[in-house]
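Q:
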Amino acid sequence: MKVGIPRALLYHRYGRFWEEFLAGIGAEVVVSRRTDKVLLQKGLSHVSSEICLPIKIVAGHIEELVGKIDVLFLPRLLWLEDKLYACPKMIGIVDIARMMTGDRVRVVAPKIQGSLWLPHFRAGMELCHDPMRVARALTRARRHIPVHDRTPLFPDGEKRVALLGHFYNIGDDFISRPMVDTLTGHGYRICTKDELPESVLRSRQGFARSIRWVYERELYNAFRFLVDKVDGVCMIVSMGCGPDSLVAEFMRDEAQRRDRPFLQLVIDEHTGTAGIVTRIEAFLELAERRQARALQISDSRLKIGGQGRAA
Amino acid sequence: MKASFPNLGYDTYALKTFVEDLGGEVILAPPNSRRTVELGALHSPELICMPYKITLGNMLEAIELGADTLFMAAGARKCRFGYYHYLHERALKDLGKECRFIAVTQYSPFDFVFKVMPGIFGVSPFRVIRAVAKLLAKSRLTQEFRQQLNRKMALDFDGAEQAKPKALSVIERAHTLKEIQAARGEVRRIFALNGSEPAIRLGLVGEIYFMIEQFASQEIEKELGKMGAEVVFERSLYRHIRHLLSSDPAFVRSGRLARRYLQESPGGEAIRTVGEAVYFQQQGLDGIVHIFPFTCMPENIALEALQKLSEETGLPVLSLSFDEHTSRTGLLTRLEAFVDLVKRRKLGRRLHRN
Numbered sequence: 001m002k003v004g005i006p007r008a009l010l011y012h013r014y015g016r017f018w019e020e021f022l023a024g025i026g027a028e029v030v031v032s033r034r035t036d037k038v039l040l041q042k043g044l045s046h047v048s049s050e051i052c053l054p055i056k057i058v059a060g061h062i063e064e065l066v067g068k069i070d071v072l073f074l075p076r077l078l079w080l081e082d083k084l085y086a087c088p089k090m091i092g093i094v095d096i097a098r099m100m101t102g103d104r105v106r107v108v109a110p111k112i113q114g115s116l117w118l119p120h121f122r123a124g125m126e127l128c129h130d131p132m133r134v135a136r137a138l139t140r141a142r143r144h145i146p147v148h149d150r151t152p153l154f155p156d157g158e159k160r161v162a163l164l165g166h167f168y169n170i171g172d173d174f175i176s177r178p179m180v181d182t183l184t185g186h187g188y189r190i191c192t193k194d195e196l197p198e199s200v201l202r203s204r205q206g207f208a209r210s211i212r213w214v215y216e217r218e219l220y221n222a223f224r225f226l227v228d229k230v231d232g233v234c235m236i237v238s239m240g241c242g243p244d245s246l247v248a249e250f251m252r253d254e255a256q257r258r259d260r261p262f263l264q265l266v267i268d269e270h271t272g273t274a275g276i277v278t279r280i281e282a283f284l285e286l287a288e289r290r291q292a293r294a295l296q297i298s299d300s301r302l303k304i305g306g307q308g309r310a311a
Numbered sequence: 001m002k003a004s005f006p007n008l009g010y011d012t013y014a015l016k017t018f019v020e021d022l023g024g025e026v027i028l029a030p031p032n033s034r035r036t037v038e039l040g041a042l043h044s045p046e047l048i049c050m051p052y053k054i055t056l057g058n059m060l061e062a063i064e065l066g067a068d069t070l071f072m073a074a075g076a077r078k079c080r081f082g083y084y085h086y087l088h089e090r091a092l093k094d095l096g097k098e099c100r101f102i103a104v105t106q107y108s109p110f111d112f113v114f115k116v117m118p119g120i121f122g123v124s125p126f127r128v129i130r131a132v133a134k135l136l137a138k139s140r141l142t143q144e145f146r147q148q149l150n151r152k153m154a155l156d157f158d159g160a161e162q163a164k165p166k167a168l169s170v171i172e173r174a175h176t177l178k179e180i181q182a183a184r185g186e187v188r189r190i191f192a193l194n195g196s197e198p199a200i201r202l203g204l205v206g207e208i209y210f211m212i213e214q215f216a217s218q219e220i221e222k223e224l225g226k227m228g229a230e231v232v233f234e235r236s237l238y239r240h241i242r243h244l245l246s247s248d249p250a251f252v253r254s255g256r257l258a259r260r261y262l263q264e265s266p267g268g269e270a271i272r273t274v275g276e277a278v279y280f281q282q283q284g285l286d287g288i289v290h291i292f293p294f295t296c297m298p299e300n301i302a303l304e305a306l307q308k309l310s311e312e313t314g315l316p317v318l319s320l321s322f323d324e325h326t327s328r329t330g331l332l333t334r335l336e337a338f339v340d341l342v343k344r345r346k347l348g349r350r351l352h353r354n
């Protein structure tokens with residue numbers, strides 16, 4: 001039995017876990033190839049033009065898989081602990097996939113509500129009728145669920161930029177490659193939310209408490225944690241992303257208050273690399289100027305202090 | 001207390017009566033206009049959806065008229081509507097507007113009756129219950145008014161335009177339950193018809209603000225009426241309040257009918273949109289018009305389902321997304337083409353049957 005997983009959305013977080021789990025119950029796992037223009041074009045012809053880029057991409061991946069597989073494995077994330085919801089489109093993508101593929105493929109969609117274990121167990125039972133084997137495969141695959149418990153170090157004298165955005169945008173090379181290349185090309189270290197510990201991401205302090213979208217809360221917390229430690233914050237927002245349109249506004253406010261450059265890159269399928277590179281370069285220049293100004297100020301303070309002592 | 005709240009189509013009158021019942025003085029925001037949208041859009045984030053911009057414009061205009069307490073519905077779930085009030089509050093503060101801002105959570109009717117409203121207005125819960133009953137009666141009246149107006153417009157557009165202000169003033173005057181009951185008969189008399197049938201009937205589905213506030217959708221009901229199409233709708237403030245009180249059979253039905261396309265609610269009112277569309281199809285309506293704000297998340301999922309519905313049943317579906325830049329001419333052209341298509345399709349079917 002061939003089980004297909006689209007290399008998009010939640011795959012960027014749980015991909016390894018799913019591959020291991022499905023292989024463990026004796027399925028042949030087929031993962032779609034990395035996103036490229038052809039895949040995106042395929043997706044565009046299957047969903048409405050107004051939907052956000054990640055959904056268009058996942059539609060392309062699904063279309064690519066259909067015909068090569070017997071079962072499409074596409075978990076539906078409703079909410080994680082603390083009743084934090086996924087965004088409407090993440091919830092609806094399973095229904096879109098069902099409508100897109102029709103009878104051509106069977107869709108297995110574990111419904112994640114809080115915990116991962118039970119829905120995956122049920123989905124496993126749909127594919128393989130041996131409960132012991134499913135349980136074993138799940139337990140073995142579990143170690144691939146990404147756990148964040150280490151706090152990254154922020155040494156002095158290093159140039160850093162926070163690259164914020166949903167993990168399925170940052171994790172997809174097709175989307176984030178130009179941004180990452182430009183930033184690293186200028187000698188900046190990139191900090192993303194994925195390297196931060198869970199305790200930071202799940203924090204419920206301040207405005208984060210009233211954010212009821214799970215990944216949005218993580219983003220906001222990551223922003224709050226990183227904003228003082230980096231030279232600038234660069235945020236990738238897909239055009240038409242509802243949660244980001246709100247939360248990015250609060251981030252922009254906060255960044256302004258703390259005098260940190262904040263760049264919001266809105267992307268869709270028409271976004272050109274040249275435009276992005278130009279904007280990032282302008283943003284980095286701003287960050288450097290701010291740095292220089294800060295140095296100057298502390299320099300002049302030193303001088304004044306020095307004179308004071310000499311007199 | 002000089003209270004105000006964003007306009008909500010004809011139901012503005014119902015809400016006004018509600019606040020007055022609780023002892024507040026109401027300052028209505030001026031009717032929605034080009035200025036409202038522009039004022040709202042000026043102080044809004046770039047990527048936010050249109051209801052936010054209009055409601056913010058309403059608030060700013062109401063403050064200009066002297067309102068000092070603003071009410072806004074809230075309730076955070078999967079749709080970003082639940083977060084509007086954070087941004088509203090912040091925008092008003094940034095502009096230096098001095099006013100009390102009250103976000104009223106929708107999803108806990110018990111708290112609403114026993115805690116929130118008594119806390120704000122200092123009245124007994126009993127009085128709140130009475131006011132809610134009246135709100136229900138009055139929003140039902142406006143729903144009936146809209147239904148009859150739509151039918152009348154499809155048959156006799158000029159007559160309907162003349163009768164509309166008269167009916168509206170009757171609705172505005174009705175204060176007690178008895179008067180509201182009398183107003184229902186009065187409105188029915190005003191829009192009396194001679195029993196003829198409209199050429200085509202179209203089902204209107206979509207996002208709730210757009211369904212209620214005619215300005216947002218550029219008065220789509222009126223335009224369709226002018227072209228001789230009766231617009232049938234189900235979503236209204238009345239049904240929404242019934243839903244919040246968990247007593248709306250139509251909501252349960254919608255959930256059942258939508259299951260074929262959406263197995264899980266993606267938030268907002270997508271389930272209802274799809275369920276209503278399926279229901280209208282079963283009722284034998286001639287087409288569906290789907291309206292929603294640009295970048296609306298749940299309705300975009302519903303759109304996919306409606307496309308599938310259209311594919312499977314052959315029912316014409318027109319999906320329209322709106323923002324403040326939507327051109328009126330373009331909209332009218334699309335509506336005309338759609339109405340023509342539906343009329344021809346109906347004619348072709350009738351000929352085929354004969």
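Heads up: the sequence lines are chains A and B, in that order.
Using this note's numbering, count along the first sequence one by one with no gaps and you end on 311.
Using this note's numbering, count along the second sequence one by one with no gaps and you end on 354.
Beta carbons are placed, not taken as given, at the ideal position from N, Cα and C, and that holds for glycine.
Please state whether DSSP places T271 (chain A) in a helix, a strand or coil.
A: To locate residue 271 (chain A), count along the first sequence from 1; it is residue 271. T271 (chain A): coil per DSSP, three-state reduction.
Q: Given that a residue counts as buried once 16 or more other Cβ atoms are within 10 Å of its Cβ, and exposed if not, what is H240 (chain B)?
A: Position 240 of the second sequence, counted from the first residue, corresponds to residue 240 (chain B). Buried, since its Cβ has 16 or more Cβ neighbours within 10 Å.
Q: Going along chain B in order, which residues have a C-beta closer than 8 Å to the C-beta of I96 (chain A)?
A: Sequence index remark: in the first sequence, residue 96 (chain A) carries index 96 (1-based). Here the neighbours are I301, E304.
Q: Just how far apart, CA to CA, sit V214 (chain A) and G114 (chain A)?
A: For the purposes of this step, residue 214 (chain A) is taken as the residue at position 214 of the first sequence. For the purposes of this step, residue 114 (chain A) is taken as the residue at position 114 of the first sequence. Near 11 Å, if we compare the C-alpha coordinates of G114 (chain A) and V214 (chain A).
Q: Taking 8 Å as the CB-CB limit, is G171 (chain A) close to chain B?
A: Position 171 of the first sequence, counting from 1, holds the residue named residue 171 (chain A). No - not a single Cβ of chain B is within 8 Å of the one on G171 (chain A).
Q: Within 10 angstroms of its Cβ, does T273 (chain A) collect 16 or more other Cβ (buried), or is it exposed?
A: As a first step, residue 273 (chain A) must be located in the first sequence, where it is residue number 273. Per the 10 Å Cβ criterion, exposed.
Q: Can you find the residues in the same chain that come closer than 6 Å, C-beta to C-beta, to R173 (chain B), ignoring five residues on each side of it along the sequence?
A: Working through the second sequence from its first residue, we reach residue 173 (chain B) at position 173. Excluding sequence neighbours, R173 (chain B) sits near nothing in its chain.
Q: So with CB distances below 8 Å, who are the chain A contacts of K308 (chain B)?
A: Counting from 1 along the second sequence, the entry for residue 308 (chain B) is found at position 308. Under the 8 Å cutoff, chain A gives M99.
Q: Count the other C-beta atoms from every protein chain shown that fall within 10 angstroms of the C-beta of K83 (chain A), then say buried if there are 16 or more, exposed otherwise.
A: In the first sequence, the residue the question calls residue 83 (chain A) occupies position 83. K83 (chain A) is exposed by the Cβ-count criterion.
Q: With three or more beta-carbon pairs closer than 8 Å as the criterion, would you say the stretch 188–206 of chain B touches the stretch 225–234 of chain B?
A: Yes, the stretch 188–206 of chain B touches the stretch 225–234 of chain B.
Q: Along the chain, where does the alpha helix (DSSP H) that runs through K152 (chain B) open and close?
A: By one-based count along the second sequence, residue 152 (chain B) stands at place 152. Counting along the chain, the alpha helix (DSSP H) containing K152 (chain B) begins and ends at 125–155.
Q: Which residue or residues does DSSP assign as beta-bridge partners of P293 (chain B)?
A: Looking up residue 293 (chain B) in the second sequence gives position 293. DSSP output for P293 (chain B) lists B:F322 as bridge partner(s).
Q: I think R253 (chain B) touches Y279 (chain B), with their Cβ atoms under 8 Å apart; what is that distance to the nearest whole Å?
A: Working through the second sequence from its first residue, we reach residue 253 (chain B) at position 253. Working through the second sequence from its first residue, we reach residue 279 (chain B) at position 279. About 7 Å; that satisfies the 8 Å criterion.
Q: In chain order, what residues of the same chain lie with their CB nearer than 6 Å to the CB of V128 (chain B), ignoring the 5 residues before and after it?
A: In the second sequence, the residue the question calls residue 128 (chain B) occupies position 128. Answer for V128 (chain B): V113, M117, listed in chain order.
Q: With a threshold of 8 Å between beta carbons, is G357 (chain B) in contact with chain A?
A: A query on residue 357 (chain B) cannot be resolved here, the shown segment of chain B reaching from 1 to 354 and no further.
Q: Which one of A:I5, A:R189, A:G92, A:A86 has the shortest CA to CA distance from P155 (chain A)?
A: Along the first sequence, read from residue 1 onward, the residue named residue 155 (chain A) stands at position 155. If we check each option's Cα against that of P155 (chain A), A:R189 comes out closest.
Q: Can you list the residues of chain C that F294 (chain B) reaches, using a CB-CB cut of under 9 Å?
A: This model lacks chain C altogether, as its protein chains are A and B.
Q: Determine the contact status of V47 (chain A) and E304 (chain B), defining contact as a CB-CB distance below 8 Å.
A: For the purposes of this step, residue 47 (chain A) is identified with residue 47 of the first sequence, where counting begins at 1. For the purposes of this step, residue 304 (chain B) is identified with residue 304 of the second sequence, where counting begins at 1. Taking 8 Å as the Cβ cut-off, V47 (chain A) and E304 (chain B) qualify as a contacting pair.
Q: Where do the ends of the beta strand (DSSP E) carrying L22 (chain A) lie?
A: Translated into positions along the first sequence, residue 22 (chain A) becomes position 22. No beta strand (DSSP E) holds L22 (chain A); the alpha helix (DSSP H) holding it covers 11–24.
Q: Taking only the alpha-carbon atoms, compute the straight-line gap between E254 (chain A) and V247 (chain A) and give it to the nearest angstrom.
A: Position 254 of the first sequence, counted from the start, is the residue given in the question as residue 254 (chain A). Position 247 of the first sequence, counted from the start, is the residue given in the question as residue 247 (chain A). Each residue's alpha carbon lies about 11 Å from the other.
Q: Between which two residues does the alpha helix (DSSP H) carrying M235 (chain A) extend?
A: Against the first sequence, residue 235 (chain A) aligns to sequence position 235. Run containing M235 (chain A): none in the alpha helix (DSSP H); it sits in the beta strand (DSSP E), 232–238.
Q: For Y86 (chain B), decide whether its Cβ has a neighbour in chain A, counting only Cβ atoms nearer than 8 Å.
A: Here residue 86 (chain B) is taken as the residue at index 86 of the second sequence, counted from 1. Yes, Y86 (chain B) counts as interfacial toward chain A.
Q: Around the Cβ of H352 (chain B), are there at least 16 other Cβ atoms within 10 angstroms (buried) or fewer (exposed)?
A: Against the second sequence, residue 352 (chain B) aligns to sequence position 352. Exposed, by the Cβ-count rule.
Q: If you draw a straight line from the alpha carbon of R34 (chain B) to that of V3 (chain A), how long is it in whole angstroms?
A: Sequence index remark: in the second sequence, residue 34 (chain B) carries index 34 (1-based). Sequence index remark: in the first sequence, residue 3 (chain A) carries index 3 (1-based). Distance between the alpha carbons of R34 (chain B) and V3 (chain A): 54 Å.
Q: At which residues does the beta strand (DSSP E) containing T69 (chain B) begin and terminate?
A: Position 69 of the second sequence holds residue 69 (chain B). Start and end: 69–74.
Q: For a test of the three-state rule: what should DSSP assign to G287 (chain B), helix, strand or coil?
A: As a first step, residue 287 (chain B) is located in the second sequence; it is residue number 287 there, counting from the start. DSSP places G287 (chain B) in strand when its eight states are reduced to three.
Q: Return the bridge partner residues of R76 (chain A) from the DSSP annotation.
A: Here residue 76 (chain A) is taken as the residue at index 76 of the first sequence, counted from 1. BP columns for R76 (chain A) point to A:K111.
Q: What number of angstroms, rounded off, separates the C-alpha of K68 (chain A) from the C-alpha of L127 (chain A)?
A: Against the first sequence, residue 68 (chain A) aligns to sequence position 68. Against the first sequence, residue 127 (chain A) aligns to sequence position 127. Going from the Cα of K68 (chain A) to the Cα of L127 (chain A) covers about 17 Å.
Q: Distance check for Y238 (chain B) and L135 (chain B), CA to CA, integer angstroms please.
A: As a working mapping, residue 135 (chain B) is identified with position 135 in the second sequence. As a working mapping, residue 238 (chain B) is identified with position 238 in the second sequence. L135 (chain B) and Y238 (chain B): Cα-Cα distance of roughly 8 Å.
Q: Return the CA-CA distance between V200 (chain A) and A222 (chain A), expressed in angstroms with no decimal places.
A: Position 200 of the first sequence, counting from 1, holds the residue named residue 200 (chain A). Position 222 of the first sequence, counting from 1, holds the residue named residue 222 (chain A). Each residue's alpha carbon lies about 7 Å from the other.
Q: With T192 (chain A) as the anchor, note down where its alpha helix (DSSP H) starts and where it stops.
A: Here residue 192 (chain A) refers to the residue found at position 192 of the first sequence. From DSSP, T192 (chain A) is part of no alpha helix (DSSP H); its letter is neither H nor E.
Q: Leaving aside the five residues before and after V94 (chain A) along the sequence, list all residues of the same chain whose C-beta is less than 6 Å from its C-beta, in chain order.
A: For this step, residue 94 (chain A) is matched to residue 94 along the first sequence. L74, R76, A109, listed in sequence order.
Q: Compile a chain-ordered list of the residues in the stretch 36–56 of chain B whose CB is closer than 8 Å to at least one CB of chain A.
A: Of all residues in the stretch 36–56 of chain B, P45, E46, L47, I48, C49 have a Cβ within less than 8 Å of some Cβ in chain A.
Q: Using a Cβ-Cβ distance under 8 Å, would G275 (chain A) count as near chain B?
A: As a first step, residue 275 (chain A) is located in the first sequence; it is residue number 275 there, counting from the start. G275 (chain A) does not count as touching chain B.
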